[in-house]
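K.L.:
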Amino acid sequence: MIAIQPDETFLGIDRFFADFMVRLSPHMTEEDKKHLWLASALVSFFTGKGHICADIAYLAGKPFLPEETESTALISCPDLVTWLTSLQKAPVVGLPGETTPLILSQNHLLYLNRYWQYETMLAKNIIDRIDTPVSGINESLLKDGLNRFFPNRRSDEIDWQYLAALKALKNNFVVISGGPGTGKTYTVSKILALIAEQYIHANVERNIALTAPTGKAAARLSAVIKDAKTKINCSEAVKMLIPETASTTHRLLGSTFKKKEFRFNEDNLLPYDAIIVDEASMIDLPLMAKLMSATPRHARFIMLGDKEQLASVEPGAVFGDICNAGENISDSVVVLQKNYRFTSGSGIGALSKFVNEGRGEDALNLIKEGSYADLRWHDIPSPENMMQLLEQKTLDRYSSHINAASLEEAFLHFDSFRVICALRQGPYGVTTINEIIEHLLKRRGLVKYTGRWYRGQPIMINKNDYRLRLFNGDVGILFPDNEDKGDLRAFFKSEEGQYRKILPARLSNLEPVYSITVHKSQGSEFNDIIVILPDRSSEILTRELIYTAITRAKRGIEIWGNRDVFCEAVSRRTKRQSGLKEALSAIHTTYAHSGTSLSREMP
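The numbering used here puts the last residue of the sequence shown at 669; the count rises by one with no breaks.
1) Quick test of the definition: if touching needs 3 or more C-beta pairs under 8 Å, does the segment 419-426 touch the segment 382-394?
2) Can you give me the Cβ contacts of L455 inside the same chain, cut-off strictly under 6 Å, excluding the 5 residues immediately before and after it?
3) On the three-state DSSP scale, how would you describe Y228?
4) Leaving out five residues before and five after G495 in sequence, what residues of the same chain have Cβ atoms less than 7 Å from its Cβ?
5) For R518, name the three-state secondary structure that DSSP assigns.
6) Could you check whether I122 and A107 sit closer than 8 Å to each other, using their CB atoms as the reference points?
7) What is the DSSP secondary structure of R317, reduced to helix, strand or coil?
8) In terms of residues, what are the limits of the beta strand (DSSP E) holding V241?
9) Indicate the three-state DSSP secondary structure (helix, strand or coil) for T151 in the structure shown.
10) Excluding the 5 residues flanking E634 on each side, which residues of the same chain have their C-beta closer than 8 Å to its C-beta?
11) Which residues mark the beginning and the end of the beta strand (DSSP E) in which F537 is found?
12) Report the rounded CA-to-CA distance for S396 versus I118, giving the unit in angstroms.
13) Going by DSSP, what residues sit across from K250 in a beta bridge?
14) Compute the minimum distance between the beta carbon of N204 and the heavy atoms of the ligand MN, and state whether it is under 7 Å.
15) Short check: CB of F558 to CB of F545, under 8 Å?
16) What are the residues that DSSP puts in a beta bridge with N331?
17) Is S437 buried or exposed, if buried means 16 or more other CB atoms sit within 10 Å of its CB?
18) Is R195 helix, strand or coil by DSSP?
19) Is the separation between the beta-carbon of D145 and that of A126 shorter than 8 Å?
20) Using the Cβ count rule (16 or more neighbours within 10 Å means buried), how would you classify Y406?
21) Using only the alpha-carbon positions, how far apart do P669 and K128 sit?
22) By the three-class DSSP mapping on this structure, what secondary structure does E577 have?
23) What is the residue span of the alpha helix (DSSP H) that L207 lies within?
24) Once the 5 residues before and after V541 are set aside, which same chain residues still bring their CB inside 6 Å of it?
25) Counting only the same chain and skipping the five closest in sequence on each side, list residues whose C-beta sits under 8 Å from that of T315.
26) Cα separation between R638 and K295?
27) Mind reading off the beta-carbon distance from R521 to K529? Whole number of angstroms is fine, and I expect it under 8 Å.
28) Since I believe D440 is in contact with E414 (beta carbons under 8 Å), could you give me their beta-carbon distance rounded to a whole number of angstroms?
29) Is DSSP giving R363 helix, strand or coil here?
30) Can you tell me the Cα-Cα spacing of V290 and T640, whole angstroms?
31) Could you spell out the range, first to last residue, of the alpha helix (DSSP H) harbouring I168?
32) For F215, which residues in the same chain have their Cβ closer than 6 Å to its Cβ, ignoring the five residues on either side in sequence?
33) Entirely within the segment 248-285 and at least 3 residues each: give me those beta strand (DSSP E) ranges in chain order.
34) For E597, does the count of other Cβ atoms within 10 angstroms reach 16, so buried, or fall short, so exposed?
35) Using alpha carbons as the reference points, say which of F367, R366, F385 and P162 lies closest to Q375.
36) Put P546 into one of helix, strand or coil per three-state DSSP.
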């Protein structure tokens, strides 16, 4: 039995969905309807929180209270046998492969049908690529290339970059994980050179694509590859084959006005023989499934990311799930473990290690003891004193881009520093901090409005605009246009490193960006950052969030927080429920030893 009336607890969208599922099941008993209602509300709730499914076996027989509601009443979930019996009677609940709105897997995971399809489609694509052998490799040429690109290997330790390159040439599917400074993109530049050498030797024309989920990440990938390939010991012909320009994943797939559809798909494949996906931890399940489905079967698919970072904002933790899938795909996963940026004298490197290990007290003591010049701590001020501290710490940094003599200088100054917040709302959230900083700049006379706009105004797009080719997270600066009488235009960096200008009046769904959430900071790096944590604990504050925030800094970090809140956050891990790891195992068991090629078709 459900202990309370369920509509007292769940959010509106969850209640609406659960009501709808019950209306589609009119012939069930009232008791069974209650159990169906609860399961439906839960799967809607968990999907909204970034999970792919609801684990019925885990929830069964336990009290449950959804976060972010005003209710304090616990739901007592029915025991597993009773619950499953009710769900098996529901016409809206089906087995994997059926066309019902809800899918109940054999291990008692309840999915919205489309997410079950995305997960299954992705798992089949991964295993199919793993089981498809790479042909035509010239072993002598490969050995020569590896020796040239990795000349300083030692016999007494593993060269993880060398291993990643070797696996990338031997496999059609490879995942390379590593924190900032482990050399992921420089390793990939060598991988690209090795691939290009094979193409030239075979005298075949091949195309390679570079992609990342955001414009900022794509531009950074382009810059790193462009720089790295000038230093590689290879011929000019090989360097010519290595692409320098990365595109956003949406642009690569051919985004259309129909937001959930792309020009390239399983029926119209991408024209590439190798695809490199950077910042893959930011890509959600639906987008990753669509990208891999649109990739030709023969093409290499190489994913780069950091498995310790936050997962995507939308449902799924694809990159982390793949990295942790175990021995079924272990030969396709390499974790880079040597850091070339954060040496033994780096506080940021030592701090990120403590945070990753869940050692909150040690991490806090490391910051407070003052042994590292790149680490600073400040007790979180009261909301009343926040304006004074922000004025001391940020105003000079944020005035430099407004007074810049050129657009390039404005971006250079602005991209060197950022305030990063854990929350969006509240006295310590992005919205409030942006308002305070903008008010301080105006009070000092640095902000001079022309209508709603001013010189140096930094803005972030918060909703995809396919018409203008602007995507969620893209950052622009309002600046005088020397080609148009000095009128203000919004300038955005393109993936090619150039600047696109747009009339401000054409923009919508934007916000100031003096401060950003940790999620929005992913794919970016700044010389210095201030991280603002709230004065009280929240389920949003996790180890992955703290790690992601601090690793945005290359030179220095200052954390404003509460000791207990910080330590509790470091001890709390993010766990997103999905069946991807199990799906990879099940599919591999079914197909890997049968000689059967997995179908591209949806089940």
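C-beta atoms are modelled at their ideal positions from N, C-alpha and C, and glycine is treated no differently.
Computed from a predicted model, the values in this text were never measured in an experiment.
P.N.:
Walking through what the data contain:
1) no
2) Here residue 455 corresponds to residue number 389 of the sequence shown, with the count starting at 1. These residues qualify, in order along the chain: P447.
3) Counting from one through the sequence shown, the residue named residue 228 turns up at place 162. Of the three classes helix, strand and coil, the one that applies to Y228 here is helix, per DSSP.
4) Here the question's residue 495 lines up with position 429 in the sequence shown. So the list reads C487 and L489, once near-sequence residues are dropped.
5) Residue numbering aside, residue 518 sits at position 452 when the sequence shown is read from its first letter. DSSP places R518 in coil when its eight states are reduced to three.
6) Taking the sequence shown and counting its residues from 1, the one referred to as residue 107 is at position 41. Taking the sequence shown and counting its residues from 1, the one referred to as residue 122 is at position 56. No, they are not a contact pair.
7) If you number the sequence shown from 1, residue 317 lands on position 251. R317: helix per DSSP, three-state reduction.
8) The residue you call residue 241 lines up with position 175 of the sequence shown. It spans F239 to S243 - the beta strand (DSSP E) in which V241 sits, taken as one unbroken run.
9) On the sequence shown, residue 151 is found 85 positions in, with the first residue counted as 1. Note: T151 maps to helix in three-state DSSP.
10) Numbered from its first residue, the sequence shown carries residue 634 at position 568. Hits under 8 Å: G426, S603 and L607.
11) The count along the sequence shown starts at 1 and reaches residue 537 at position 471. Taken as a continuous stretch (DSSP letters only), F537 belongs to no beta strand (DSSP E), as it is neither H nor E.
12) Residue numbering aside, residue 396 sits at position 330 when the sequence shown is read from its first letter. Residue numbering aside, residue 118 sits at position 52 when the sequence shown is read from its first letter. Roughly 23 Å separates the two Cα atoms.
13) Taking the first residue of the sequence shown as position 1, residue 250 is located at position 184. Bridge partners of K250: none, in fact.
14) Although the ligand MN was asked about, the structure shown includes no ligands whatsoever.
15) Reading the sequence shown from its first residue, position 492 is the one you call residue 558. Reading the sequence shown from its first residue, position 479 is the one you call residue 545. Contact: no.
16) Against the sequence shown, residue 331 aligns to sequence position 265. DSSP lists N334 as partners of N331.
17) Residue 437 sits at position 371 when you count from the first residue of the sequence shown. Classification of S437: exposed, given that the 10 Å Cβ count is below 16.
18) The sequence position of residue 195 within the sequence shown is 129, counting from 1. Three-state DSSP puts R195 in a helix.
19) Within the sequence shown, residue 145 is the residue found at index 79, counting from 1. Within the sequence shown, residue 126 is the residue found at index 60, counting from 1. Result yes, Cβ atoms of D145 and A126 sit closer than 8 Å.
20) For the purposes of this step, residue 406 is taken as residue 340 along the sequence shown, with counting starting at 1. Exposed: under 16 other Cβ atoms inside 10 Å.
21) Locating residue 669 in the sequence shown gives position 603, where the first residue counts as 1. Locating residue 128 in the sequence shown gives position 62, where the first residue counts as 1. In this prediction, P669 has a pLDDT of 28, which is less than 50 and means its spatial position is unreliable; what the coordinates show is noted afterwards. Their Cα atoms are separated by approximately 34 Å.
22) By 1-based counting over the sequence shown, the position of residue 577 is 511. Residue state, collapsed to three classes: strand.
23) Here the question's residue 207 lines up with position 141 in the sequence shown. Unbroken alpha helix (DSSP H) run through L207: E205 to F215.
24) Here residue 541 refers to the residue found at position 475 when the sequence shown is read from its first residue. Closer than 6 Å at Cβ, skipping near neighbours: M526 and V579.
25) Residue mapping note: residue 315 aligns to position 249 of the sequence shown, counting from 1. These residues qualify, in order along the chain: T277, A278, P279, V343, I349, L353 and L357.
26) Against the sequence shown, residue 638 aligns to sequence position 572. Against the sequence shown, residue 295 aligns to sequence position 229. Spanning the two alpha carbons is a distance of roughly 40 Å.
27) Taking the sequence shown and counting its residues from 1, the one referred to as residue 521 is at position 455. Taking the sequence shown and counting its residues from 1, the one referred to as residue 529 is at position 463. The Cβ separation is near 25 Å, so there is no contact.
28) Taking the first residue of the sequence shown as position 1, residue 414 is located at position 348. Taking the first residue of the sequence shown as position 1, residue 440 is located at position 374. It should be noted that the sequence gives Ile, not Glu, for residue 414. Rounded, the Cβ-Cβ distance is 6 Å, consistent with contact.
29) Position 297 of the sequence shown holds residue 363. Coil at R363, not helix or strand.
30) Residue 290 sits at position 224 when you count from the first residue of the sequence shown. Residue 640 sits at position 574 when you count from the first residue of the sequence shown. If I take the Cα positions, the gap works out to 30 Å.
31) Within the sequence shown, numbered from 1, the residue matching residue 168 stands at position 102. Here the sequence assigns Leu to residue 168, which means Ile is not the residue at that position. Unbroken run through L168 is the beta strand (DSSP E), L168 to L170; no alpha helix (DSSP H).
32) As a first step, residue 215 must be located in the sequence shown, where it is residue number 149. Answer for F215: K256, listed in chain order.
33) 274-278
34) If you number the sequence shown from 1, residue 597 lands on position 531. Sequence inspection shows Val at residue 597; the Glu mentioned does not correspond to that position. Classification of V597: buried, given that the 10 Å Cβ count is 16 or more.
35) As a working mapping, residue 375 is identified with position 309 in the sequence shown. Residue F385 is the option with its Cα nearest to Q375.
36) Numbered from its first residue, the sequence shown carries residue 546 at position 480. DSSP places P546 in strand when its eight states are reduced to three.
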